[in-house]
Structure formats: structure tokens, C-alpha cells
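> Numbering (the numbering used here), first residue to last: 580 to 813. C-beta atoms are modelled at their ideal positions from N, C-alpha and C, and glycine is treated no differently. Note that the coordinates shown come from a computational prediction; the quantities given were computed from them, not determined experimentally. The structure is given below, and queries will be raised subsequently.
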């Protein structure tokens, strides 16, 4: 049995995590000004280098904005954030994100999967589409939550690769952490077989080139996961 090496978070990671929690909880409101780097360093008992690099990282994530000679302010991260901002929101409070964020992620997934399916159905040969079958078999044989979720992701990622749009696989990879977290929650609540059944229906629509059926399936599954019979978040 192999175990992963354990490592403690760095001071910068702890600093970033502390500020993110204060911002996402509302303790640090959007538009509020942060204390100076010197004050933050003294208050949190870290070096100014840690504070400076942490603020720089949070600015890249869209949580902060640094105005030279004026100060550092909490940015409107929902308007000006990045994918990294969304990942932080997903991780906040143990991953218990709100229904609004879940809905947004799932709606984006409908767009991306729908486009990949449309392009693959229109342009791929039967032999190319058949390469999805071995991946589906791996999904069927999965025995734990992580395995079935990872197999499902590879199934969808392969479709994105097959469709011929060079950017779609990159988009799928960018959203991997977000989507797999939601699938994991789905599997925990409704079981491995529920996700496998969805995978089977998904591949069937692709192989039979049933685009309308594919979109109906994706839309129905999305609606069920938001506020239907199988919501991911209560």
C-alpha cells in the first residue's frame, strides 16, 4: 500500500487562505481597504515578503486590487474574478458552495458538452466515435467514487478531443476540478450506478448521432441536479 507524502502549507498559502476566507465570508466586504503590508505582517506575524507575495497572488485571482500610492482593496471578485477565483469559492467552507454557483457551473457544462457533441456527431467517423466505448467500459467497471468520477471525466474529455476543436479539450481540463467535485457529490448522494447510467445514455446518444436526444439528456440531468429529483446541494 502506497501513501502520499504529507506536506504542511507554506506561510503564503496560509496567508492567502485566511484572507480568502474573510472575503468570502463577508468579513472583508467588497470595496473595503486592507491594512498596510506592514500592519498585516505585524498582525499575522509573518514577513512582509509573505504578505507581498500573497497579495500579488490574490490580485491575480481577482480577490484584491492594488492601487499604487492609494492602497489595496477587496475587488468585486464575482464580476472581475478568474477561474482560480471560482476554484477558491468551490473550496470555501469545505466545498459547500451555494446553489447559484452550482447552477452556473452546470449551465456552462451544458454549453461545452453540447458543442463538443454537436461537432463530434457532425464530423467524426463511426470508428472515431467508437473509441468512446473502451472508456465507457472502464466507467462500468469502476468500484469506488473517485474511480468512476475520473473515468467519466476522461470519457467527456475524449469527446472534446475527438470533436476537432483544438480549444475545447483545454476548456474541459480547465473545468476539471470544478466538474469532478460536483460529480463526486452526485455519486456520494445517489451512488455509482446513477453516474454510470448517465454515462451509458450519453455515449448512446453520441454513437447514434442523436444530437437532440443528447441535448435533452444533458439539460434534463442538469435540471435534476439543480432543483429536480436529484439535487447535488440541498
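1. Could you tell me how far apart the beta carbons of residue 814 and residue 732 are, in whole angstroms, since I believe they sit closer than 8 Å?
2. In this structure, does DSSP put residue 605 in helix, strand or coil?
3. Do residue 681 and residue 761 come within 8 Å of each other at the CB atom, strictly closer than that value?
4. According to DSSP, is residue 664 part of a helix, a strand, or is it coil?
5. Roughly how many angstroms lie between the CA atoms of residue 704 and residue 759, to the nearest whole one?
6. Roughly how far, in whole angstroms, is the beta-carbon of residue 620 from the beta-carbon of residue 627, given that I think they are within contact range, below 8 Å?
7. Can you tell which of 810, 786, 747, 792 has the C-alpha that lies nearest to the C-alpha of residue 773?
8. Helix or strand or just coil, what does DSSP make of residue 612?
9. In this structure, how does DSSP classify residue 652 when only helix, strand and coil are distinguished?
10. Quick one: measure Cβ to Cβ for residue 678 and residue 812, integer angstroms, because I've assumed they're closer than 8 Å.
11. Got a sec? Which residues, its chain only, sit under 7 Å from residue 790 by beta carbon, not counting five neighbours each side?
12. Determine the DSSP secondary structure at residue 643, reduced to helix, strand or coil.
13. In its own chain, which residues sit with a C-beta less than 7 Å from the C-beta of residue 711, not counting the 5 before and 5 after it?
14. Taking the straight line between their C-alpha atoms, what separation do you get for residue 646 and residue 652?
15. Which residue comes first and which comes last in the alpha helix (DSSP H) that contains residue 729?
16. With distances taken from CA atoms, which of 748, 615, 721 is nearest residue 688?
17. In the structure shown, what three-state DSSP assignment does residue 759 receive?
18. Residue 589 by DSSP, collapsed to three states: which one?
19. Hey, how far is the Cα of residue 616 from the Cα of residue 597?
20. From what residue to what residue does the alpha helix (DSSP H) around residue 624 run?
Taking the structure as given:
1. Any answer about residue 814 is impossible in this case: the structure gives the chain only from 580 up to 813.
2. coil
3. yes
4. helix
5. 29 Å
6. 5 Å
7. 810
8. strand
9. strand
10. 6 Å
11. 696, 697, 700
12. strand
13. 734, 737, 738, 782, 785
14. 8 Å
15. 724 to 741
16. 748
17. helix
18. coil
19. 15 Å
20. Premise fails: residue 624 is in no alpha helix (DSSP H) and is neither H nor E.
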